[in-house]
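*Asks:*
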Amino acid sequence: MTPSPMRAAAEAFRRAKRAIAVTGAGISAESGIPTFRDAGGIWEKYPPEEYASIGNYLAAPEKVWAFWRELAAGLADCRPNPGHLALAKLEAMGLLEAIITQNVDNLHQEAGSRRVIEYHGNARYLICLDCAATEPLPKDSFPERPPDCPRCRHLMKPGVVMFGEMIPVQAMIEAEALARGCDLCLIVGTSAQVFPAAGLPEVAKRQGACVIEVNIEPTDFTFDIVDYFLQGPAGTILSQVTSEIKSMSPP
Ligand code: NAD
């Protein structure tokens, strides 16, 4: 009898020697953080093309800061959900080598995941546009105006990668190496629209990795490169995957 996709995915995890996860905004949706695609979310009020680029920030820091301030305030009370916790558990069980996340919300780290590659930075700190010094962004007292660097007095920006900026080199090198070296790539809650992050699962597939996708709806990945598509909310599905793995005898 053919196993269910859930069972087959769990078996693939048990067999894998080097599994990685690539996560996007969808894994944090159940923590109350809107994805780009959610109607009525922050992105409708602040269109990314007007508020999320470095060019916009440099041209009008005060205007764009209002958006980042609201975004950071929205993240302050969010907590990891069962999806984040399930990935941390897989890592603790020795079944997941690393997470490459496009998210900037710090929730994988708060869930206990240890090796997290932040492909698009982290909204919980600021970085100086001149001397690159970093400063934590307090959770409860966001500056009213774009802050100046305490060291050199130049303008600081949120620690996230804005449109028009490079991906941090170290993150890019590490992510590429993980994608090339893995034998299982789990994709969770990403629409496959933002490059170069969206290219990583394809790199893994080309090297022969098994590709498992968790999403509430199919994406461009689903029909092109995915071996097992597990449809549903990440919290529910990833909890089921870990339970299924635990119920199996060792390979
Ligand atoms: P996206 O908004 O383009 O797509 C979200 C994907 O998640 C969709 O495919 C959607 O079907 C899926 N999804 C929604 N709810 C889900 C759930 N409960 N379980 C599983 N899947 C679910 O997000 P993206 O592909 O990550 O690209 C957006 C960009 O915006 C990224 O670069 C990211 O850095 C940034 N972003 C980050 C956050 C965050 O840090 N939490 C939030 C929004 C956007």
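At position 241 of the sequence shown the residue is numbered 587 (the numbering used here), and the sequence of numbers has no breaks. For each residue, glycine too, the CB sits at the ideal point set by N, CA and C. Predicted model only: the values in this text are computed from it and were never measured.
With respect to 8 Å, is the separation between the Cβ of Asp570 and the closest non-hydrogen atom of the ligand NAD below this value?
*Replies:* no
*Asks:* Apply the 10 Å Cβ neighbour rule to Ile519 and answer buried if 16 or more other Cβ atoms are within range, or exposed otherwise.
*Replies:* exposed
*Asks:* Compute every distance between the C-beta of Trp389 and the non-hydrogen atoms of the ligand COA, then say whether any falls below 8 Å.
*Replies:* In the structure shown, the ligand COA is absent; the only ligands present are the ligand NAD.
*Asks:* For the stretch 500-507 against the stretch 523-535, do three or more pairs of beta-carbon atoms, one drawn from each stretch, fall closer than 8 Å, so that the two count as touching?
*Replies:* no
*Asks:* Which stretch, first to last residue, makes up the alpha helix (DSSP H) that contains Arg552?
*Replies:* 546-552
*Asks:* Straight-line CA distance for Gly467 to Tyr403?
*Replies:* Gly467 and Tyr403: Cα-Cα distance of roughly 16 Å.
*Asks:* Please go through the same chain and pick out, in chain order, the residues whose beta-carbon is closer than 7 Å to the beta-carbon of Leu436, but skip the five residues on each side of it.
*Replies:* Closer than 7 Å at the Cβ level, and outside the excluded window around Leu436, lie Leu442, Thr588.
*Asks:* Measuring straight from C-alpha to C-alpha, what distance separates Ala354 and Arg470?
*Replies:* Those two C-alpha atoms are separated by around 37 Å.
*Asks:* Below 7 Å CB to CB, which residues in the same chain sit around Tyr465 once its five sequence neighbours on both sides are set aside?
*Replies:* Ile446, Thr447, Gln448, Ile513, Ala517, Ala521, Ala543
*Asks:* Per DSSP, what kind of secondary structure is Gln577 in: helix, strand or coil?
*Replies:* In this structure, Gln577 counts as strand in the three-state DSSP scheme.
*Asks:* Am I right that Arg580 and Val540 are in contact with their C-beta atoms under 8 Å? What's the rounded C-beta distance?
*Replies:* The sequence given here has Ala at residue 580, not Arg. At roughly 18 Å, the Cβ-Cβ gap does not stay under 8 Å, so Ala580 and Val540 are not in contact.
*Asks:* Take Leu421 and list the residues in its own chain whose beta-carbon comes closer than 7 Å to its own, dropping the five residues that flank it on each side.
*Replies:* Contacts found: Ile379, Asp451, Ala469.
*Asks:* Give me the Cα-Cα distance between Ala457 and Glu396, rounded to the nearest whole angstrom.
*Replies:* 32 Å
*Asks:* Please report the straight-line C-alpha distance between Cys477 and Ala398, rounded to a whole angstrom.
*Replies:* 22 Å
*Asks:* Give a single yes or no on whether Gly429 has its beta carbon closer than 8 Å to a heavy atom of the ligand NAD.
*Replies:* Gly429: yes, Cβ under 8 Å from the ligand NAD.
*Asks:* Locate the alpha helix (DSSP H) running through Ile400, then write down its first and last residues.
*Replies:* Here the alpha helix (DSSP H) through Ile400 covers 400-405.
*Asks:* Three-state secondary structure (DSSP) at Ile463?
*Replies:* strand
*Asks:* Got a sec, what are the start and stop residues for the alpha helix (DSSP H) Thr568 sits in?
*Replies:* 566-570
*Asks:* Given a threshold of 16 other Cβ atoms within 10 Å of its Cβ, counted over all protein chains shown, does Met598 qualify as buried or as exposed?
*Replies:* Residue 598 lies beyond the range of the chain shown here (347 to 597); nothing can be said about it.
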